[in-house]
Amino acid sequence: MIRNPWKLHYSMPGKPLPSGPTSHLCPPRFMGKSRHKTYNSASRPILMVVGKGERTVTFQSFSCTKWCVGIILLLCLSLLPATALALETGGKAYYLMDPYSGRVFLENNSTEALPVASISKLMTLVVVLEAVEKGEISLADLVTASTFAASKRGSRIWLEAGEQLTLDELIYAIAVGSANDAAVAVAEFLAGSEPNFVQLMNERAQELALMDTLYVNSTGLPGDEGATNRMSAKDVALLARHAMNVRHLMDYVSTYEYTMRPATTRIPVLWNGNKLLRRYYGVDGLKTGFTTEAGYCIAATAERENFRLIAVTLGHNKDEERESAARSLLDYGFRKYQSLELYAKNDVVGSLECPTGNPRRVDVVVPNDFLVTVERGKELDLTTIVHLDANQELPVAEGQVVGTITAYYEDEVVGTNVLTVSQRVQKLSLPALVLRLCQAMAQAVF
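Okay, so the sequence shown: first residue is 19 according to this note's numbering, each after it adds one.
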């Protein structure tokens, strides 16, 4: 099988091009910027790595004033574990992370499976809304409350057996009012029974690699013989991270007030238990919970200046303590870190030259926004490494992945993104290849 020799080109006026056996390059013109801060990151070291078979060829890195020569061994491209820092929250566990990169900024007792009360309903919402997205059910479907669903206590909307509400209304009741009767009604509607629905919840937890999670019901209420839904703070954060990408879910959990059944006196208005929606700038979800065993719990997410955080804190004695702990976690994250946009969607990183391809040169682009999270004031300490597969086979389709770009802060990976080609590259026919070779020879002679 014939593989194609590729060459990579960057363009930066005034800089010589170091060369290697498979590529030519100079540093890309990074537009290192965020929506709240713009800076010139051309002074940051840029290293190019081109894969050839199982080998890696490394080249010199650049700075704005001098060459910085070094060989970097890429032994590990996975995220390093976050440094555990102490933060007094008063609860049993907490976890603070950046959902975009997966970086963990703070954690304490984060893998112990603890009762989480109504935070369990995040998974209830995920399972139901994913079924909606697949077309299995519709938000406009009428759901009939069973006697069992109507019997649920705690937070509820006082469903009556035989009462019908739309699935959309019941989802609002779960997300805003944390209604246990609504959760059971929805579970029975989708899966036929609550036990069947709980099986779906646990299967989804396994698929999402929630290792410290076990559900016994759809509500988070204490079950029979003391059984209750349990999750670790880390698992709650990972579930929240996934939930934010489920269609419509954030619309529900970001709602502070919802009016239903206006013609009746049975709970016409629901108020969200997540008071941070009104009290903390940038908060737009997700879920609170309380039982005597679980204490006061919250999974909150907030975004400021294009930088999003997820904060989870479990097992507090008071509602005010829960809110204060969530504030402290979010304050820490926003005060210490920021999100920077190194490349916007479809920004050109450079170009690949293919001597046997048509076209001969094709742009290499970042197919989506490349954001990294760094400590404030340390933007210029970033190093960016590009790794390309130098043995792409022709033809190459538009949008085909040809490599990766990885950002480092010191020895820690703070972001990675794939690189793709901007257009299709076809293999030259034999006559066209001969013509190209003749033209190249003529140019070399004359």
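Note that the Cβ used here is the ideal one computed from N, Cα and C, for glycine as well.
To the nearest angstrom, report how far apart E359 and V390 are at their CA atoms.
7 angstroms
Check whether the segment 218-236 and the segment 250-266 touch, using three or more Cβ-Cβ pairs below 8 angstroms as the test.
yes
Could you spell out the range, first to last residue, of the alpha helix (DSSP H) harbouring G351?
D337 to K354
Coil, strand or helix - V414 by DSSP
strand
Go ahead and pull the three-state DSSP assignment for W85.
With a pLDDT of only 28 at W85, under 50, the local geometry of the prediction cannot be trusted, and the value read off the model is given with reservation. Residue state, collapsed to three classes: strand.
Could you check where the beta strand (DSSP E) with R326 kicks off and where it finishes?
F325 to H334
So, for P39: in the same chain, excluding its five sequence neighbours on each side, which residues have a beta-carbon less than 6 angstroms away from its beta-carbon?
The pLDDT assigned to P39 is 28, lower than 50, so where the model puts this residue is not dependable; a value taken from the coordinates is nonetheless given after this. Cβ within range, chain order: n/a, list empty.
Alpha carbon to alpha carbon, what distance is there between L160 and V301?
32 angstroms
Beta-carbon proximity list for A163, same chain, < 8 angstroms, skipping 5 on both sides:
L177, E178, A179, G180, E181, Q182, L183, D199 and A203
With 16 other CB atoms within 10 Å as the buried threshold, where does S37 fall?
Unreliable positioning characterises S37 in this predicted model, as indicated by a pLDDT of 32, which lies under 50. The coordinate reading is nonetheless provided below. By the neighbour-count rule (16 or more Cβ atoms within 10 Å), S37 is not buried but exposed.
Please list the segments of the alpha helix (DSSP H) lying wholly inside the segment 260-321, counting only runs of 4 or more residues, in order along the chain.
267-271 and 294-297
Can you tell me where the alpha helix (DSSP H) with L140 in it begins and where it stops?
K139 to E151
For K445, does the three-state DSSP call read helix, strand or coil?
strand
In the structure shown, what three-state DSSP assignment does L183 receive?
Note: L183 maps to strand in three-state DSSP.
Closest to S342 by C-alpha separation, out of A362, G368, K152 and Y314, would be which residue?
Y314
CB L382 to CB V367, shorter than 8 angstroms?
Checking the sequence, you will find Val at residue 382 rather than Leu. Taking 8 angstroms as the Cβ cut-off, V382 and V367 qualify as a contacting pair.
Distance, Cα to Cα, R412 vs G375?
Looking at the sequence provided, one finds Leu at residue 412 rather than Arg. So the two alpha carbons sit approximately 7 angstroms from each other.
Less than 8 angstroms between the beta carbons of S173 and S136, yes or no?
yes
Extent of the continuous beta strand (DSSP E) to which V431 belongs
E430 to V439
At what residues does the beta strand (DSSP E) containing D407 begin and finish?
L400 to D407
Just reading off the alpha helix (DSSP H) that D199 is part of, what are its end residues?
N198 to A209
For T438 and P45, the rounded distance between their alpha carbons
In this predicted model, P45 has a pLDDT of only 32, less than 50, meaning its place in the structure is not dependable; the value taken from the coordinates is given anyway. P45 and T438: Cα-Cα distance of roughly 18 angstroms.
First and last residue of the uninterrupted alpha helix (DSSP H) at M219:
E212 to E225
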